[in-house]
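**Q**
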């Protein structure tokens with residue numbers, strides 16, 4: 019069928035263009051998109067040309083889509099009319115880098131997550147970003163009595179802080195942009211504007227140090243200025259001592275430099291979550307539907323796909339104003 023998609027056509031250049039997708043085969047469905055949500059970090063790197071695995075131009079990017087099933091193939095357990103989340107279209111007559119920003123998606127049923135009745139398709143469109151943060155939280159295993167320090171309040175950092183807070187742990191956040199710290203405060207998170215010393219900033223709130231450190235900056239060399247904010251580990255005969263955990267949340271395009279001595283002294287565990295699993299998407303939808311995870315508040319604006327070029331410019335140049343932007347397709 020004929021439809022439309024936002025194509026990445028060159029560095030920092032996108033446009034809405036006609037594309038075609040096949041009819042659904044066995045175990046496949048066609049989803050009519052209602053909303054797709056931008057991943058500013060990943061898609062920003064795609065537009066900058068720094069992700070090597072990107073398909074050749076032009077291609078359909080994006081990886082978080084919500085809508086309704088309008089057609090099903092043979093032997094499919096889903097039904098027409100059901101509201102679902104998926105990554106995007108798996109097939110089209112143009113190249114695909116996940117295939118999210120499209121008006122109609124041909125998706126395998128294994129990629130579909132049913133939406134809770136009380137969760138809107140707009141709210142659920144941020145599901146992939148929230149699930150990435152939740153996956154990291156599953157690895158860090160926060161406990162209600164523990165302290166968490168988060169550096170970097172882009173969408174993934176903010177969502178990581180919210181996911182850790184949902185566990186009952188005390189979370190302290192920081193960023194160099196005062197607007198992001200103020201937004202975190204509006205979501206019930208405490209924090210400070212990052213200055214010369216991350217350690218001094220965190221120790222004002224957590225004098226005994228943090229059990230979990232989250233680096234969501236996407237920048238090199240943060241670990242060295244951050245690790246001393248973690249709790250110390252006594253050199254005694256305590257049975258089964260538990261050192262601090264260091265969570266590098268989100269992908270990078272560089273080799274991550276990790277200083278050995280301060281991490282060694284704390285018997286620190288290094289955690290490198292890779293994206294998300296389907297159960298993470300289902301889990302964040304459950305939390306969101308029960309009011310435990312205000313992830314949708316990070317959708318700063320909703321725009322038509324025709325305005326995609328300006329949306330990416332605003333996310334790149336006005337980081338103090340926008341967390342992410344969703345496209346409304348129908």
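Residue numbers (this note's numbering): 19 to 348. All residues carry an ideal CB built from backbone N, CA and C; glycine is no exception.
(1) Mapping the DSSP letters down to three states, classify residue 342 as helix, strand or coil.
(2) Output the distance between the C-alpha atoms of residue 354 and residue 168, rounded to the nearest integer angstrom.
(3) Below 8 Å CB to CB, which residues in the same chain sit around residue 289 once its five sequence neighbours on both sides are set aside?
(4) Since residue 107 and residue 125 should fall inside the 8 Å C-beta cutoff, what is the C-beta to C-beta distance between them, to a whole number of angstroms?
(5) Kindly indicate the opening and closing residues of the beta strand (DSSP E) around residue 126.
(6) Go through its chain and collect everything with a Cβ distance to residue 79's Cβ below 7 Å, but skip five positions before and after it.
(7) Per DSSP, residue 209 is paired with what?
(8) Going by the DSSP bridge assignment, what does residue 22 pair with across the sheet?
(9) Counting pairs of beta carbons, one from the region 318-333 and one from the region 29-38, are three or more of them closer than 8 Å?
(10) How many Å lie between residue 1 and residue 230 at the Cα?
(11) Smallest Cα separation from residue 313: which of 273, 147 and 332?
(12) Pull up the DSSP beta-bridge partners for residue 132, would you.
(13) Give me the DSSP bridge partner(s) of residue 114.
(14) Assuming the contact rule is C-beta atoms closer than 8 Å, residue 361 and residue 207 should be a hit. Round their C-beta distance to whole Å, please.
(15) If you pair each beta-carbon of the region 50-59 with each one of the region 331-347, do three or more pairs fall below 8 Å?
(16) Candidates 204, 253, 194 and 186: which alpha carbon is nearest residue 213's?
(17) When you compare each of 311, 164 and 145 to residue 82 by their alpha carbons, which one comes out closest?
(18) Give, in chain order, every unbroken run of the beta strand (DSSP E) that is at least 3 residues long and sits entirely within the region 298-347.
(19) Within 10 angstroms of its Cβ, does residue 222 collect 16 or more other Cβ (buried), or is it exposed?
(20) Hey, would you say residue 281 sits closer than 8 Å to residue 249, going by beta carbons?
(21) Under the rule that 16 or more other beta-carbon atoms within 10 Å means buried, what is residue 274, buried or exposed?
(22) Buried or exposed for residue 336, please, with buried defined as at least 16 other CB atoms from any protein chain shown within 10 angstroms of its CB.
(23) To the nearest angstrom, how far is the alpha carbon of residue 240 from that of residue 198?
(24) Can you tell me the Cα-Cα spacing of residue 161 and residue 109, whole angstroms?
(25) Considering only C-alpha positions, which residue in the set 166, 91, 152 and 85 is nearest to residue 138?
(26) In angstroms with no decimal places, state the Cα-to-Cα distance between residue 233 and residue 175.
(27) Would you list the residues sitting across from residue 55 in a DSSP beta bridge?
(28) Residues in the same chain with beta-carbon distance under 6 Å from residue 72, minus the five sequence neighbours each way, listed in chain order, please.
(29) For residue 104, which option in 211, 121, 43 and 308 has the closest C-alpha, if you only look at C-alpha atoms?
(30) Between residue 196 and residue 245, is the Cβ-Cβ spacing less than 8 Å?
(31) Starting from residue 184, follow the alpha helix (DSSP H) in both directions and report where the run begins and ends.
(32) Would residue 69 and residue 271 qualify as a contact pair, given that the criterion is a beta-carbon distance under 8 Å?
(33) Buried or exposed for residue 129, going by 16 or more other Cβ atoms inside 10 Å?
(34) Would you call residue 218 buried or exposed, if buried means 16 or more other Cβ atoms sit within 10 Å of its Cβ?
**A** If we stick to the structure as given:
(1) strand
(2) As displayed, the chain neither begins before 19 nor continues past 348, which places residue 354 out of reach and without an answer.
(3) 154, 157, 158, 263, 264, 265 and 266
(4) 7 Å
(5) 122-126
(6) 26, 61, 64, 115, 116, 118 and 119
(7) 191
(8) 36
(9) yes
(10) No information on residue 1 is available, as it lies outside the stretch 19 to 348 that the chain covers here.
(11) 147
(12) 102
(13) 78
(14) The first residue shown for the chain is 19 and the last is 348, placing residue 361 beyond what the model contains.
(15) yes
(16) 194
(17) 145
(18) 317-321 and 342-346
(19) exposed
(20) no
(21) exposed
(22) exposed
(23) 18 Å
(24) 42 Å
(25) 85
(26) 8 Å
(27) 344
(28) 64 and 115
(29) 121
(30) no
(31) 173-184
(32) yes
(33) buried
(34) exposed
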